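Chemist: Could you have a look at this structure, given as structure tokens, before my questions?
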Amino acid sequence: MALDTYINVVIGGILTGLVYGLMALGLSIIFGVVRIVNFAHGEMMAVAMYLAVVGSTSFGLDPLLMMIPIAAVLFAFGYVLQAGLINPFINRPEHSQFILLVAVALIIVNLLLIVFGPDAQSVQTSYSLDSFEIGGVIIDATKVYTAAAAVVLSAALFAFFKFSHLGQAIRACADSYTGALVVGLNVKHLYALTFGIGAACVGAAGAMMVLLIDVTPALGPGYTLLAFIIVITGGLGSMPGALLGGVLIGVTEAVAGLLFTPSAKSMFSFALLVIVLLFRPQGILGKAAR
Amino acid sequence: MRKLLLGGIPAHGWWMLALLAAVLFGAPAFVNDYFITVLIVIFYFAYTGQAWNIMMGFAGNLSLGHAIYVGLGAYAAAALYVHYGIGPWVGLLASLVISGIVAAVIGYLAFRFGVGGVYFAILTIAFAEFARIGFDHFTWVNSSSGLFLPVAQYSRNDLWNLRGSPVMFYYVMLVLMFLALAICRMLLRSRLGYYWLAIREDEEAARSLGIDTFRCKMAAVVISGAMTSVAGMFFAFFYNNLFPEQVFHIGRSIEIILGPIIGGIGTLMGPILGAFLLTVFSESVTGALATIGIETPGYKQVFYGLALLLVIVLLPHGVWPPIAKSLRLRETHDGEGEA
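For the protein sequence lines, the chains are A and B, in the order given. Counted from 1, the first sequence has number 1512 at position 224 by my numbering; the numbering is strictly sequential. Counted from 1, the second sequence has number 214 at position 205 by my numbering; the numbering is strictly sequential.
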């Protein structure tokens, strides 16, 4: 195969990986602050993708424009989920929390199946077939737009957590639950906000993903797992780690799909996970064992 | 040994257990094929739930990928039978060994640095998914087109080759279920069992008392995985067909854990009661949906999800503990006493 093909595939992998990164960022933020593993993450992304499909087919809206409203819907969903269902589980054992979210995931997948049916659906845009050519390498325009959007959103999120008062308050909750309570922060509200923000990330990522892949109700669990693999690879609780992990997984999948068969590509992501756990269990950018 | 298995059960506990056994062993004479099949499914989930419970309920490690052991056990026994004519009870050895090794690898990766928890749960899913995709491309067992066993002759029961009528499978699974109950009771009352409970409650404290927590957790994972693979062998020979997309699917893993969660994690009767409640619930929902003419897939799973949600919110310890209390069968979470 020509070198061009490889460059092409690797660049495609990086661009897709940035969108994966945004999705995983949501999981990482939720885990980092609320200490809850969102087992319904991929399922929530599927919801966002279906919202984008409905917006596109019924109203002719571009998924990239719908990104913000969809993120807002998912934010509300995440806020309500945390405030209503998960907050009472904060001090419950880990397995209770897992099972709670597995139940939520099960309900979401099957509601999607009932409403939209089992067939794959996709979105067509005017720029579906456009591409850029830079020095002989052809790059999908859609991938460039989505990756750019993912980077902008991630940067905004970094800035929010770094500089805004609210972001600092949320980080205080992450550092110490009791400490945050002592200084008078409304921790339950901040937890709900955090889950909402994490859900908004996955919502925006879903609106982008619908441009890259077809959506089916069964797609959820696979992407939940992918998000975990990305977050663990990059480092649980590290925001840059999530993006880096996303890019690594994106490239791994793309190259594996080229060299072997696309249907086996996720096996290589699992292999990457095992390698990371063997040699650097805290993840590439994660802090050493607590 | 005998004291471990039989000690500490009150007299009325024995009567209830004997009654349950008598009803179940006599049942095939009175009920039709549909109920036989439903009961087989109940025993199957009671067995797998019991095996899963060793890992989660006793030692505190949540596995969300137990389908991998079912699948490996099923494929190992079935492939040996199809390719070399090796009977299931011999093939079972391969199932046990392969599942035990895979369980050990997963446990090693997760426990080596004492991270466990989240990592363990995710690794179990990742391995199950890895196996699903791997078997989809594994030509020796016909990849995604599925592995088929020669269909059983119902005229003659061949226990050695597990070919025969549903009633034969009924008794095999019933015996397996009681066997799992006995094994779990002995494990729970053994030294290892008490170590597990100590680790589950507070791993740091257990380690500071000199318990080798790594080895104990590895033991839980390997025993649980190997035990689950027996159910896989049964699955293969009962249904006569295996598809990677079915046996290794994450939905199978979740089905396995629902029973013990609803019945009561860490209890001995919980997995059995949970499997019974869940299967009866599922059959009633299927029946009810069919009567009102809903055949769309998905509704049943939504009810499953809601049931799981209700139980975990309202009865965090499951259905069995309050029942055990009212029956004066003090099955508590420290594993003392049991019907």
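Quick reminder that beta carbons are idealized off the backbone N, C-alpha and C, glycines included. Predicted model, so just to flag it, every value in this text is computed and none were measured.
#1: How many angstroms separate the CA atom of THR341 of chain B from the CA atom of TRP149 of chain B?
#2: At a cut of 8 Å, does the region 1330 to 1349 of chain A reach the region 1522 to 1539 of chain A through at least three beta carbon pairs?
#3: Enumerate, from N- to C-terminal direction, the unbroken alpha helix (DSSP H) stretches of 4 or more residues contained entirely within the region 63 to 125 of chain B.
#4: Where does GLU304 of chain B sit, in a helix, a strand or coil, going by DSSP?
#5: Would you give the residue range spanned by the alpha helix (DSSP H) that ILE1295 of chain A belongs to?
#6: So the candidates are B:PHE290, B:LEU277, B:PHE67 and B:ARG141; which of them puts its Cα closest to the Cα of ILE332 of chain B?
#7: Could you check how far apart the C-beta atoms of VAL328 of chain B and PHE312 of chain B are, in whole angstroms? I think they sit under 8 Å.
#8: Whether or not the region 52 to 71 of chain B and the region 249 to 257 of chain B are in contact is what I'm after, with contact meaning three or more pairs of Cβ atoms, one per stretch, closer than 8 Å; do they touch?
#9: Return no unless some Cβ of chain A is closer than 7 Å to the Cβ of GLN59 of chain B.
#10: Mapping DSSP to helix, strand and coil, what is PHE1365 of chain A?
#11: How would you list, in chain order, the residues of chain A whose beta-carbon sits under 7 Å from the beta-carbon of PHE147 of chain B?
#12: Would you identify the three-state DSSP class for ILE271 of chain B, choosing helix, strand or coil?
#13: Would you call the region 288 to 303 of chain B and the region 1383 to 1393 of chain A touching, i.e. three or more CB-CB distances under 8 Å?
#14: Taking SER233 of chain B and TRP23 of chain B to be in contact with their CB atoms under 8 Å, please state how far apart those CB atoms are, rounded to whole angstroms.
#15: Would you mind telling me which residues of chain B sit closer than 8 Å to LEU1399 of chain A, beta carbon to beta carbon, in chain order?
#16: Following the continuous alpha helix (DSSP H) through VAL150 of chain B, name the residue where it begins and the one where it ends.
#17: Please state whether the Cβ-Cβ distance between VAL79 of chain B and GLY241 of chain B is less than 7 Å.
#18: Tell me, please, whether the CB atom of VAL1368 of chain A is closer than 7 Å to any CB atom in chain B?
#19: If you compare alpha carbons, which of A:LEU1566, A:MET1555 and A:GLY1523 is closest to VAL146 of chain B?
#20: Just reading off the alpha helix (DSSP H) that ILE1402 of chain A is part of, what are its end residues?
#21: How would you list, in chain order, the residues of chain A whose beta-carbon sits under 7 Å from the beta-carbon of PHE139 of chain B?
#22: Which residues in the same chain have their Cβ closer than 6 Å to the Cβ of LEU1339 of chain A, if we skip the five residues on either side of it in sequence?
#23: Report yes if the C-beta distance between LEU13 of chain B and MET186 of chain B is below 7 Å; otherwise report no.
#24: Measuring only between beta-carbons, confirm whether ALA284 of chain B sits less than 7 Å from chain A.
#25: When burial is assigned at 16 or more other CB atoms within 10 Å of the CB, is TRP169 of chain B buried or exposed?
#26: Consider the Cβ of HIS1329 of chain A: report whether some Cβ of chain B lies at a distance smaller than 7 Å.
#27: Taking 7 Å as the threshold (C-beta atoms), are HIS1329 of chain A and LEU1313 of chain A in contact?
#28: Go through its chain and collect everything with a Cβ distance to SER108 of chain B's Cβ below 6 Å, but skip five positions before and after it.
#29: Buried or exposed for ALA1290 of chain A, please, with buried defined as at least 16 other CB atoms from any protein chain shown within 10 angstroms of its CB.
#30: Give the interface partners of ILE1520 of chain A over in chain B, defined as CB-CB distance under 8 Å, in chain order.
#31: Nearest to ILE357 of chain B by alpha carbon, out of B:GLU212, B:ILE51, B:GLY35 and B:LEU33?
#32: Could you run through the region 26 to 40 of chain B and flag, in chain order, every residue whose CB is less than 9 Å away from some CB of chain A?
#33: Among A:LEU1394, A:GLY1424, A:LEU1514 and A:LEU1388, which residue has its Cα nearest to the Cα of PRO1505 of chain A?
#34: Give me the residue from A:ILE1396, A:THR1521, A:GLY1533 and A:LEU1441 with the minimum Cα distance to TYR1308 of chain A.
#35: Taking the alpha-carbon of TYR308 of chain B as reference, which of A:LEU1369, A:LEU1401 and A:VAL1361 has the nearest alpha-carbon?
Modeler: Reading it off the structure:
#1: Note on THR341 of chain B: pLDDT 47, under 50, position unreliable in the model; the coordinate value appears next. Cα to Cα, the separation comes out at about 47 Å.
#2: no
#3: 76 to 93 and 97 to 120
#4: coil
#5: 1291 to 1322
#6: B:LEU277
#7: No, VAL328 of chain B and PHE312 of chain B are not in contact; Cβ-Cβ is about 17 Å, not under 8 Å.
#8: no
#9: no
#10: helix
#11: Ordered by position in chain A, no residue passes the 7 Å Cβ test against PHE147 of chain B, which lies about 11 Å from the chain.
#12: helix
#13: no
#14: The pair is not a contact, with the Cβ atoms about 28 Å apart (cut-off 8 Å).
#15: GLY307 and VAL311
#16: That residue, VAL150 of chain B, is in no alpha helix (DSSP H); it is neither H nor E in DSSP.
#17: yes
#18: no
#19: The question names Val, but residue 146 of chain B in the sequence shown is His. Ranking A:LEU1566, A:MET1555 and A:GLY1523 by Cα distance to HIS146 of chain B puts A:MET1555 first.
#20: 1382 to 1404
#21: MET1555 and PHE1558
#22: ILE1358
#23: no
#24: no
#25: exposed
#26: no
#27: no
#28: TYR78, LEU81, GLY82, GLY234, ALA235 and SER238
#29: exposed
#30: TYR128 and ILE131
#31: For chain B, the structure presents residues 10 to 348; residue 357 of chain B sits outside this window and is missing.
#32: none
#33: A:LEU1394
#34: A:GLY1533
#35: A:LEU1401
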